[in-house]
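Have a look at the structure below, then the notes.
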Amino acid sequence: MLDDKDTRREGSGVQAVVFALNILEYVAQCQTSVGVSELARAFDTTKSRIHRHLQTLVTAGYLIRNEESERYMISARLMALGQAVSESFELASAARQTARELRDRLGHAVAISQPEKEGNRILLLMPSRSNIDISVKPGSILKFHSSAQGKLTLAFGDATLLPQVTSGRLDMHTPYTISDPERLKAEIDAVRRRGWAVAPNEEMVGLNALAAPIFDALGHYVGAVAITDSVQFIGETPTTEQVRHIFDAANQISKNLGHRPKAGEARQVSHADENLSGL
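Start counting the sequence shown at 202; every next residue gets the next number (the working numbering).
Written as structure tokens, this is what we have:
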């Protein structure tokens, strides 16, 4: 973000472009209309400076100004541009390199999944380095209530999904699967607070996964990255190192998709011990 000292020098050139893009990202991530005063506070600068850049973005067709409220929101043109980028750089492609690096770093199988109607579908799998590979197959569907990836969807995805799932039948895949609606709600609350999920023995006895959410350029939850292995190697309480690396991978993939979290939303990946205390 530009320092206000650069105001006089930003009338043309790279600094002006960067600052305008910062404003555009902020408005897009708010997911609602934004006023000049709010933007001035957010960027710690003057209203006149903000107004000048807003006018440029409106003229370019990337923002719309509501004449009655005098507030700004993203335009259909910007949404179409974002959709075009998303279609040309889909989740598996955005995650492939990071998934490979995570597998090489920790040795566990790494899976990338996205939410669908019945659960999270595995899009990409990096097999583990072990002679005995314990993982799921690409194309598999993991149920919402019994998988780490599915729990993330219930915590960060469509807000109507959790009530739908808990009002229906929660099939037990193993004796450890959560089948009580109230217990599942409590589990999802915990996942939402700490930002990661596990499902030891819940989908298959002896198997566990540690997963973290992936977000797109507008801050929408679009999928999960997970490490999968025997419960011997990924316990009910994952290690600080495992949590840190899964957060790093999720943040990098989200960044590849254009996500730029606000300061207050940034995951505290440096405080993995605090996140572990959420269990």
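Even for Gly, the Cβ is constructed at its ideal location relative to N, Cα and C.
As the structure is a prediction and not an experimental result, all values here were calculated from the model.
Asked                                                                                                                                                            : Found
Suppose contacts are defined by Cβ-Cβ distances below 7 Å. Is H421 in contact with I379 by that definition?                                                      : no
Using a Cβ-Cβ cutoff of less than 6 Å, which residues in the same chain neighbour L343 once the five nearest sequence positions on both sides are dropped?       : G320, N321, Q350 and G351
Between which two residues does the alpha helix (DSSP H) carrying Q433 extend?                                                                                   : Taken as a continuous stretch (DSSP letters only), Q433 belongs to no alpha helix (DSSP H), as it is neither H nor E.
Do you know offhand how far R278's Cα is from V219's?                                                                                                            : 19 Å
Which word fits P328, buried or exposed, when buried means at least 16 other C-beta atoms lie within 10 angstroms of its C-beta?                                 : exposed
Distance check for L255 and I415, CA to CA, integer angstroms please.                                                                                            : 30 Å
Check whether the region 298-312 touches the region 265-275, counting contact only when three or more Cβ pairs, one atom from each stretch, lie closer than 8 Å. : no
Tell me the DSSP bridge mates of R461?                                                                                                                           : R461 is not bridged to any residue.
With distances taken Cα to Cα, identify the nearest neighbour of I389 among G407, A360, T429 and L326.                                                           : A360
Between H446 and L225, which are expected to be in contact by the criterion C-beta below 8 Å, what is the C-beta distance as a whole number of angstroms?        : Not quite, the Cβ-Cβ distance comes to about 32 Å (not below 8 Å), so this is no contact.
Note down, in chain order, each residue of its chain lying with its Cβ closer than 6 Å to the Cβ of V259, except the 5 sequence neighbours on either side.       : R266
Quick one: grab the DSSP three-state call for V399.                                                                                                              : strand
Quickly, what does DSSP pair M489 with across the bridge? List them, please.                                                                                     : Nothing can be reported for residue 489: it is not among the residues displayed for the chain, which extend from 202 to 480.
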